[in-house]
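Sequences listed follow chains A and B, in order. Using our numbering, you'd call the opening residue of the first sequence number 394 and step up by one each time. Using our numbering, you'd call the opening residue of the second sequence number 59 and step up by one each time. Quick reminder that beta carbons are idealized off the backbone N, C-alpha and C, glycines included.
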Amino acid sequence: MSEPCILSVDHLLMRFGGVVAVNDLSFTAERRKITALIGPNGAGKTTVFNCITGFYKATSGTMRLTHDDSRTIQLERLNDFRISKQAKVARTFQNIRLFPGMTALENLMVAQHNALMRASGLTFLGLIGVPSWRSAEKQAIDLARRWLDRIGLLERADDAAGNLPYGDQRRLEIARAMCTEPALLCLDEPAAGLNARESAALSELLLSIRADHGTSILLIEHDMSVVMEISDHIVVMDYGVKIAEGAPQDVRDNPRVIAAYLGADEEEAIAVMESGT
Amino acid sequence: MTAPVPKPTSPSRASGVAFIFKKALISALVALVLFSLMIGIRTEAGPTGQLIFWTRFGDLATMVATVFVGSIVVELLRQWWGPVGTVRILPPSAQNALAIGRRAIAPVLLICTFLVPVIFYDQRYILDLGILVLTYVMLGWGLNVVVGLAGLLDLGYVAFYAVGAYSYALLSTNFGLSFWVCLPLAGILAAFWGVLLGFPVLRLRGDYLAIVTLAFGEIIRLVIINWQSLTGGPNGVSGIPRPTFFGIPLTPGDNGLAAKLGIEFSPTHRIVFLFYLILALALLTNWVTIRLRRLPIGRAWEALREDEVACRALGINTTTTKLTAFATGAMFGGFAGAFFATRQGFISPESFTFQESALVLAIVVLGGMGSQLGVALAALAMIGGFELFRGFDQYRMLVFGIAMVLLMIWRPRGLIGHRAPTVFLRLSQPISSELAGEGRG
Chain A
394 MSEPCILSVD
404 HLLMRFGGVV
414 AVNDLSFTAE
424 RRKITALIGP
434 NGAGKTTVFN
444 CITGFYKATS
454 GTMRLTHDDS
464 RTIQLERLND
474 FRISKQAKVA
484 RTFQNIRLFP
494 GMTALENLMV
504 AQHNALMRAS
514 GLTFLGLIGV
524 PSWRSAEKQA
534 IDLARRWLDR
544 IGLLERADDA
554 AGNLPYGDQR
564 RLEIARAMCT
574 EPALLCLDEP
584 AAGLNARESA
594 ALSELLLSIR
604 ADHGTSILLI
614 EHDMSVVMEI
624 SDHIVVMDYG
634 VKIAEGAPQD
644 VRDNPRVIAA
654 YLGADEEEAI
664 AVMESGT
Chain B
59 MTAPVPKPTS
69 PSRASGVAFI
79 FKKALISALV
89 ALVLFSLMIG
99 IRTEAGPTGQ
109 LIFWTRFGDL
119 ATMVATVFVG
129 SIVVELLRQW
139 WGPVGTVRIL
149 PPSAQNALAI
159 GRRAIAPVLL
169 ICTFLVPVIF
179 YDQRYILDLG
189 ILVLTYVMLG
199 WGLNVVVGLA
209 GLLDLGYVAF
219 YAVGAYSYAL
229 LSTNFGLSFW
239 VCLPLAGILA
249 AFWGVLLGFP
259 VLRLRGDYLA
269 IVTLAFGEII
279 RLVIINWQSL
289 TGGPNGVSGI
299 PRPTFFGIPL
309 TPGDNGLAAK
319 LGIEFSPTHR
329 IVFLFYLILA
339 LALLTNWVTI
349 RLRRLPIGRA
359 WEALREDEVA
369 CRALGINTTT
379 TKLTAFATGA
389 MFGGFAGAFF
399 ATRQGFISPE
409 SFTFQESALV
419 LAIVVLGGMG
429 SQLGVALAAL
439 AMIGGFELFR
449 GFDQYRMLVF
459 GIAMVLLMIW
469 RPRGLIGHRA
479 PTVFLRLSQP
489 ISSELAGEGR
499 G
């Protein structure tokens with residue numbers, strides 16, 4: 394517990410040609426807390442996510458991840474699948490990316506690939522069916538079953554993921570990310586497209602994940618009811634820079650946030666435009 | 059789909075008629091343009107070297123009319139037979155019986171295959187055909203790992219078949235190694251080449267991957283043709299040793315198997331032995347593939363076919379996953395190649411043309427991507443069916459082509475259009491292939 398922050402992003406810069414998507418962004422995400430990253434469309438939130446999870450290579454800046462055992466990993470030095478495998482950062486996607494032709498259970502089994510791969514002796518021991526592999530597989534199925542139960546999909550475990558309703562797919566994607574047993578869970582708009590009841594259930598699920606597994610959560614979300622209810626800390630971005638950060642209450646009352654995110658009054662907007670020209 | 063299907067309303071049927079008519083007209087027009095020169099005008103060199111020509115507008119009109127009517131028929135078949143808005147009219151009891159029947163296909167097929175050499179012991183033609191079909195079943199199952207499971211479109215699969223065949227041929231003729239030593243070596247060498255091919259194509263997807271694998275297949279063939287000192291070039295390798303029954307030769311001599319068993323020698327023994335050998339190899343391929351599907355690596359292959367980005371987000375090393383798929387598929391191709399070499403006793407580059415790759419790929423696609431039973435049925439239909447049409451003489455290709463078109467209209471997702479889950483809690487329900495991805499790289 395030497396370091397309270399699980400993730401600290403310092404001076405992150407991401408440039409696509411002439412476009413600066415993220416400009417000198419610094420923030421920290423505390424351990425066992427829910428940190429929300431909010432901002433208007435095009436503010437660069439998903440770009441930050443893609444940098445953290447290795448889908449983009451940041452132009453400059455550092456992202457330091459500190460595990461419970463004080464092991465520190467520089468995320469910008471890892472790429473691609475290693476972020477998930479070694480740094481234990483899992484993510485979901487803005488437009489759901491399940492394996493639609495595989496069952497809900499299979500989706501959760503794929504998520505345990507690296508653990509199962511070790512247990513199956515890189516396939517060779519599994520091919521001849523040694524007992525240790527069999528028990529490892531049973532454990533993996535049990536873990537998947539527990540997660541399916543938790544998201545209320547146990548009844549539909551053997552249905553193709555592509556056949557599930559939208560809200561179920563969202564929850565399944567979160568469960569799949571959790572099956573990789575991450576230290577940091579990055580959720581990209583988990584409440585998008587959910588109705589009020591489903592959003593409330595989602596908030597509950599995220600709070601219980603934090604409480605039961607001690608997983609730190611980094612969240613991009615537009616649904617203010619979810620953000621305000623569950624976040625411990627909010628970072629607000631606009632045009633690639635951080636414009637505010639703090640507890641939900643502080644952020645909500647911050648005039649810059651109100652102007653940028655929730656929309657400025659018409660007179661204010663005109664005033665901004667005139668001062669710009 | 060037990061949900062009530064809305065009845066097709068009359069306006070949609072009317073627009074369907076207009077659509078069919080329009081399509082038929084366009085087809086007829088294309089046929090007219092093409093055939094007006096190919097059939098409409100006939101040219102020949104006259105006795106003094108001048109060009110004489112005459113017209114055959116009657117034949118032209120017949121052909122265009124055939125295309126017009128044929129297009130309407132195909133479109134009607136598609137509408138009435140095809141999977142568009144299919145209504146289940148069978149009672150549940152009949153459906154259950156069908157489901158049981160469907161489950162029984164594989165065991166019945168397997169038992170029949172085992173009995174083929176017993177029933178048709180005297181008919182060399184059927185035994186040879188059986189060996190040929192089983193070879194393609196094995197190749198199809200091998201390619202199924204790459205194309206059906208991992209979703210990597212490989213048009214150069216025959217390269218690994220060739221590597222396996224030449225590995226056995228060269229090792230046995232040059233170093234005198236026996237078939238049973240060379241078989242694993244052929245598999246390992248083919249897998250090695252699979253990995254070598256895998257590396258440069260890892261970044262490619264879809265069509266580009268197909269082009270590079272196609273080129274790879276041609277490169278292997280051209281190297282074999284031109285590396286005369288090693289491979290004998292276009293003359294091939296001859297005098298490849300026949301397989302032995304685990305060291306006991308199948309020859310009429312005193313130390314042959316027949317003499318040892320105290321039975322009269324017959325050349326059919328070797329054919330029967332080859333039949334069971336390829337059957338065993340094919341079943342090994344099948345068993346390994348079924349096992350692999352239930353292991354993390356197999357699930358990772360299928361996940362890769364579904365969504366590569368999600369795989370990376372879950373910490374799956376997509377590079378090694380793709381390479382293992384290539385290597386596994388290539389290894390089975392190599393085994394099949396070694397068998398081919400020992401069966402033929404002679405191999406040349408002629409046997410490893412692109413047509414073979416296309417045939418094996420057609421078997422996999424026709425069978426239903428990823429389905430083991432489907433691939434076996436497709437191999438039987440493609441290779442066996444082709445022989446069945448032998449009576450049609452010069453129209454064989456035409457009849458065969460029409461049969462394929464009809465089959466694909468009837469079953470656009472292949473003979474077995476669903477995938478079975480690799481793991482289940484309560485009930486293993488087949489998943490429609492409509493949901494499963496086809497793989498983009």
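Enclosing alpha helix (DSSP H) for residue i [first to last residue]
i, result
"residue 328 (chain B)", "326-351"
"residue 237 (chain B)", "237-259"
"residue 489 (chain A)", "Where residue 489 (chain A) is concerned, there is no enclosing alpha helix (DSSP H), given that its DSSP letter is neither H nor E."
Neighbour flag for residue i against chain B, beta carbons, 9 Å
i, result
"residue 399 (chain A)", "no"
"residue 563 (chain A)", "no"
"residue 527 (chain A)", "no"
"residue 594 (chain A)", "no"
"residue 476 (chain A)", "yes"
"residue 556 (chain A)", "yes"
"residue 547 (chain A)", "yes"
"residue 484 (chain A)", "yes"
"residue 503 (chain A)", "yes"
"residue 653 (chain A)", "no"
"residue 418 (chain A)", "no"
"residue 494 (chain A)", "yes"
"residue 516 (chain A)", "yes"
Under 7 Å by beta carbon: chain A residues contacting residue i
i, result
"residue 354 (chain B)", "506, 509, 510 and 513"
"residue 11 (chain B)", "The displayed coordinates of chain B run from 59 to 499. Any statement about residue 11 (chain B) would go beyond what the structure contains."
"residue 349 (chain B)", "520"
"residue 483 (chain B)", "498, 538, 550 and 551"
"residue 375 (chain B)", "474"
"residue 367 (chain B)", "490"
"residue 429 (chain B)", "Within chain A, no residue comes near residue 429 (chain B); the closest Cβ sits about 13 Å away, beyond 7 Å."
Residue i versus residue j - alpha carbon distance
i, j, result
"residue 80 (chain B)", "residue 488 (chain B)", "38 Å"
"residue 83 (chain B)", "residue 125 (chain B)", "9 Å"
"residue 343 (chain B)", "residue 434 (chain B)", "12 Å"
"residue 467 (chain B)", "residue 219 (chain B)", "31 Å"
"residue 513 (chain A)", "residue 246 (chain B)", "21 Å"
"residue 604 (chain A)", "residue 381 (chain B)", "40 Å"
"residue 321 (chain B)", "residue 401 (chain B)", "23 Å"
"residue 635 (chain A)", "residue 540 (chain A)", "35 Å"
"residue 340 (chain B)", "residue 441 (chain B)", "16 Å"
"residue 174 (chain B)", "residue 298 (chain B)", "27 Å"
"residue 511 (chain A)", "residue 529 (chain A)", "10 Å"
"residue 345 (chain B)", "residue 337 (chain B)", "12 Å"
"residue 436 (chain A)", "residue 192 (chain B)", "59 Å"
"residue 466 (chain A)", "residue 457 (chain A)", "6 Å"
"residue 405 (chain B)", "residue 476 (chain B)", "38 Å"
"residue 281 (chain B)", "residue 213 (chain B)", "18 Å"
"residue 451 (chain A)", "residue 406 (chain A)", "6 Å"
"residue 374 (chain B)", "residue 429 (chain A)", "27 Å"
Residue i - containing beta strand (DSSP E), residue span
i, result
"residue 416 (chain A)", "412-423"
"residue 405 (chain A)", "398-409"
"residue 99 (chain B)", "99-103"
Short CB-CB distance (under 9 Å) between residue i and chain A
i, result
"residue 360 (chain B)", "yes"
"residue 339 (chain B)", "no"
"residue 490 (chain B)", "yes"
"residue 371 (chain B)", "yes"
"residue 493 (chain B)", "yes"
"residue 326 (chain B)", "no"
"residue 343 (chain B)", "no"
"residue 263 (chain B)", "no"
"residue 422 (chain B)", "no"
"residue 406 (chain B)", "no"
Where residue i meets chain A, residues with beta-carbon distance less than 9 Å
i, result
"residue 127 (chain B)", "Within chain A, no residue comes near residue 127 (chain B); the closest Cβ sits about 39 Å away, beyond 9 Å."
9 Å Cβ cut-off: residues of chain B touching residue i
i, result
"residue 534 (chain A)", "481 and 483"
"residue 571 (chain A)", "Under the 9 Å cutoff, chain B gives no residues; its nearest Cβ is about 11 Å from residue 571 (chain A)."
Next on the checklist: Is it the case that the stretch 248-264 of chain B contacts the stretch 383-397 of chain B, given that we only count it when at least three CB pairs across the two stretches are under 8 Å?
Outcome noted: yes
**Asked** Is it a yes or a no for the stretch 364-380 of chain B touching the stretch 220-231 of chain B, going by three-plus beta-carbon pairs under 8 Å?
**Response** no
Looking at C-beta atoms only, is the number of pairs between the stretch 423-434 of chain B and the stretch 281-299 of chain B that lie closer than 8 Å three or more? no
(Q) Within 8 Å, do at least three Cβ pairs link the stretch 557-564 of chain A to the stretch 582-597 of chain A? (A) yes
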